[in-house]
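Numbering (UniProt numbering), first residue to last: 1 to 1083. Every residue gets a Cβ at the ideal spot worked out from N, C-alpha and C, and that includes glycine.
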């Protein structure tokens, strides 16, 4: 009887121990990324990572190539030439640059250089198997080994087309279900042997397909993987794991584990930690150690959004960087990347009673053991045992408080914990007995039952922050309390809406309010003085969320409107906001990392802020944050140096090294090319690509292809949306174009020439890395800008010049001969004409001399009798008393006038004859002096007629004959007086115009003027236009001839009779005239 009880006790002890062990072995579930949108079909049948890093996903409806951002889908052929043989993909094998694809209707081949799929090019005997379903493909030394779904093993010689077939073993041929006869694995063991695993047989063969050894299995083998050299693990249809050992030419199989009894093992893969991942049918995923000890069993959970998306795991893949790809049936793809989520996320799990009780986490405190007490918003208090990774919950609803909303936690003694609650005061927990007592406004000194924050100061006093009732100080040593009233500096009103409390290392108490800024309390002789900081005196916002002091004793305050740094020298704050680089202004929590960084929880993720440079690094939900929103002052630094921030979906725990930005290098590739917004493909009408755009290093465009768009990507599966890009076209621009997460470059109307498109990117953490890629671009010129065309044009021009020169020389010689004849003829004629002209000139000169002599003779002969007549007429009044003869005096006067006129006419004729015969005595003349002289000569006339004469100052000098110039100006002024008429304000003015090389001297009057007919005949000899005014009609003719002999001319202008006249005397400027005279003399 005693032994019976003893046995029951032993059983109970084992059960309890196993439960305890199970609890102690609880590990945080793995988090998976889910990908389905964009795939051609949701059931991935086979996975492959190629040598370029792309992930290929075979499905039941097409093949997919994934670059981390987009899927490129390859579908069934419509024309039998390009495309898959069949949409159902069963195998993928990378063959150098290309990929061999097994489908439900034979093999297809992916040509990477052209980015197309065609039927596999079987030849000769190989054409007989073009529609066979091959699920296993291996190629070695030109031999293609193919494992068929139901028809055994084939060996195909790629060069010769020779085909050899090994059918499945007869004793295990299943006619009802031929799929059970398939080849599961082909492994090249060495240069002579291969391992072939059938569903029920495992064989070693030579290359001639002769059996060396054969082992039969009783369990259906579905999948296999090499564990170590010559050791393989086989997964069976009954959920068992077998070990296959090859020893020489012998093979041994033994059952290792019943992994998932009754659930088939469909896939096997090892990760970089040498752990074995086992995918089952309908029973999720198992992870075993290298020693085949179970680590964890993972299944789909409807409550966990990042759990496996399905429990039937058809395919597994471990990539070169250690990322695990899982293909659950009809559930897309799952990806496990241990570095994808940088922050450990602790959340409430409804299926785990030892998990966090509520996802809303308000506060933390750490005990001496390094475990955490956690206040939640609805779950009471949780105690996180870090060593066991379990949570024990202490609900307050049954402890007379009826409130599980814990706003603050304070450890007042080693075995006592105070928890401030919403509406139910303070719950005091004895951590040894786990019993509560309650302090409320009704049974204690508390002024309010909403306790928002608690603090124990350096003197052991407990500060109690009431949400709407101010702050209280309780001294446990004396069991006394004190109420402290805070008053607004702005309006002197009481401030009772308090939110946060903090004590700095000098014993000052800082209190943050709900909407009234910040107070600093300073104790002096047991009294408190306060300083109020608000938005009117440097604080960025009135709502205070968090207060800390860093390792350099700087006070930092997080508000709803930015971070604030306390400046003790000015007793003010420096605000840091979004304008200074913060991603979000609502600073909920602050942790100092003891180096130079502050970690800031916000309403939009976590920010790492460099207090020295102001640089920031942002983290969001994609990095593993519980959500983008965190709860005010819900933060703590553990004794291990871990940082914890609480939010609305659990809390995050991390260290600086955990979330350090990675510097992993990403490969860039060109993913697309468009011309005029139309995609460019190899060998299309654009004639730009001969290979797929991702396979070329250079591009050549003609000058008409003026709008070019080039797309590029960084190959990454870790936050591709966080990768930023930059590019610039060398030869066209000098600065990088930073385009964020939009990797595309467009250029228009590039000049002919050579360019280099340079591309670079950040990694998924936003760190710029050395992965620059160059794409060489050539723009060919139009034919008229090519070197050969220019050469031809130059050659043609030279040829034309040569021909033209040759023709010109020929014509010159021809014309020269003709000219010589003409010159000879014309010379004779010119000699004759010359002699005639010389003779005529001699005769004319003789006649001119005779005319001049005649003119002087006539003048002399006429002057003598004229003077006699005038003399005799002057004697008549002496000899005859004219008073007795009244008409005689009148007649004598007429005789005198006629003689005077006749004398003037004779003088004018003589002067005209002399013009051109007597050389001018030119000199530099001061024009104003000439005019002053002329004015004096007619001074009496001007006075008599009351005429005003205005002569401009500083008239330009004249180079000419003094007497002739005086004669010209005297004639102009005399005519202006004579032809003034009856003007009320008679006026004569002299001015000039500068015409560049000449000067125009303007003599204006407002006298009688003249009509157009008179202007035309004005300078004709003997022309007179006013009969009542005496004159010979030769004066203007004579002065114009004088102007001509000085290299000038005279122009007369008048707007009509009675509107005055203007004479323009146009003469070369003195300097120019003097130079011409010298040149003439030299000549």
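Nonlocal neighbours in the same chain, by C-beta distance under 6 angstroms from residue 672, ignoring five residues either side: Only 711 meet the Cβ criterion.
CB residue 1107 to CB residue 534, shorter than 9 angstroms? In this structure the chain extends from 1 to 1083, so residue 1107 is not present and cannot be described.
How about residue 420 and residue 464: are their beta carbons less than 9 angstroms apart? With contacts defined as CB atoms closer than 9 angstroms, residue 420 and residue 464 qualify as a contacting pair.
DSSP on residue 621, reduced to helix/strand/coil? In the structure shown, residue 621 sits in a helix (DSSP, three-state: H, G or I).
Tell whether a beta-carbon distance below 9 angstroms holds between residue 88 and residue 129. No, the pair does not count as a contact, with Cβ atoms beyond the cut-off.
Less than 9 angstroms between the C-beta atoms of residue 446 and residue 428, yes or no? Taking a C-beta distance under 9 angstroms as the contact criterion, residue 446 and residue 428 do not qualify as a contact pair.
Would you mind giving the Cβ-Cβ distance between residue 551 and residue 592, rounded to the nearest angstrom? I have them listed as a contact below 8 angstroms. In this structure residue 551 touches residue 592 by the C-beta definition: roughly 6 angstroms separates them, less than 8 angstroms.
Would you kindly work out how many angstroms separate the C-alpha atoms of residue 638 and residue 198, rounded to a whole number? In a straight line, the C-alpha of residue 638 is about 56 angstroms away from that of residue 198.
Which one or two residues does DSSP pair with residue 575 in a beta bridge? Bridge partners of residue 575: 564.
If contact is defined by three or more beta carbon pairs under 8 angstroms, each pair taking one atom from either stretch, is the stretch 29 to 48 in contact with the stretch 328 to 340? Enough Cβ pairs lie closer than 8 angstroms, so yes.
Which listed residue (189, 169, 209) has its alpha carbon closest to that of residue 217: Of the candidates 189, 169, 209, the one whose C-alpha sits nearest the C-alpha of residue 217 is 169.
If you compare alpha carbons, which of 237, 435, 379, 137 is closest to residue 195? When only C-alpha atoms are compared, the closest one is 137.
Drop a sphere of 10 angstroms on the beta-carbon of residue 387, count the other beta-carbons inside from all chains shown, and report buried for 16 or more, exposed for fewer. Residue 387 comes out exposed.
My guess is that residue 752 and residue 780 are in contact by the Cβ rule of under 8 angstroms, so how many angstroms apart are they, rounded? That belief holds up - the Cβ atoms of residue 752 and residue 780 are roughly 6 angstroms apart, short of 8 angstroms.
Roughly how many angstroms lie between the CA atoms of residue 213 and residue 227, to the nearest whole one? If you take the alpha carbons of residue 213 and residue 227, they lie about 21 angstroms apart.
Kindly indicate which three-state DSSP category residue 584 falls into: helix, strand or coil? Residue 584: coil per DSSP, three-state reduction.
DSSP on residue 776, reduced to helix/strand/coil? The three-state reading of DSSP puts residue 776 in strand, counting E and B together.
In this structure, how does DSSP classify residue 272 when only helix, strand and coil are distinguished? In the displayed model, residue 272 falls within coil according to three-state DSSP, outside both helix and strand.
So residue 502 is in the beta strand (DSSP E); what residue range does that whole segment cover? It spans 498 to 503 - the beta strand (DSSP E) in which residue 502 sits, taken as one unbroken run.
By a C-beta neighbour count over all protein chains shown, 10 Å radius and 16 as the cutoff for buried, is residue 259 buried or exposed? Using a 10 angstroms sphere on the CB of residue 259, the tally of other CB atoms reaches 16 or more, which defines it as buried.
CA-CA distance, residue 264 and residue 695? Computed Cα separation, rounded: 42 angstroms.
7 angstroms Cβ shell around residue 450 - same chain, five flanking residues per side excluded: Closer than 7 angstroms at Cβ, skipping near neighbours: 422, 423, 466, 467, 468.
In whole angstroms, what is the alpha-carbon distance linking residue 378 and residue 395? Roughly 9 angstroms separates the two Cα atoms.
Tell me the DSSP bridge mates of residue 33? Its beta-bridge partners are 335.
Continuous beta strand (DSSP E) stretch holding residue 140: start and end: Counting along the chain, the beta strand (DSSP E) containing residue 140 begins and ends at 134 to 140.
Hey, would you say residue 1095 sits closer than 9 angstroms to residue 356, going by beta carbons? As shown, the chain starts at 1 and ends at 1083. That puts residue 1095 outside it, with no answer to give.
Do residue 223 and residue 244 have their CB atoms nearer than 9 angstroms? With contacts defined as CB atoms closer than 9 angstroms, residue 223 and residue 244 fail to qualify as a contacting pair.
In this structure, how does DSSP classify residue 464 when only helix, strand and coil are distinguished? Shown here, residue 464 sits in a strand according to DSSP, grouped into three states.
At a cut-off of 8 angstroms, would you count residue 950 as near the ligand HEM, judging by its Cβ distance to the nearest heavy atom? As far as ligands go, the structure on display features none, and thus does not contain the ligand HEM.
Residue 738, buried or exposed, once every other Cβ within 10 Å from all chains shown has been counted against 16: Classification of residue 738: exposed, given that the 10 Å Cβ count is below 16.
What is the rounded straight-line gap between the Cα of residue 287 and the Cα of residue 385? If you draw a straight line from the Cα of residue 287 to the Cα of residue 385, it is about 25 angstroms long.
Strictly by DSSP, which residues pair up with residue 195? Per DSSP, 187, 204.
Using 9 angstroms as the threshold, is the C-beta distance between residue 709 and residue 744 below it? Yes, the Cβ-Cβ distance between residue 709 and residue 744 is below 9 angstroms.
Three-state class that DSSP yields for residue 755 in the structure shown: In this structure, DSSP gives residue 755 an extended state, which the three-state scheme calls strand.
Same chain only: Cβ atoms within 6 angstroms of residue 189, ignoring 5 sequence neighbours per side: 195.
For residue 804, count the other beta carbons within 10 Å of its own beta carbon; 16 or more makes it buried, fewer makes it exposed. Which is it? By the 10 Å Cβ count, residue 804 comes out exposed.
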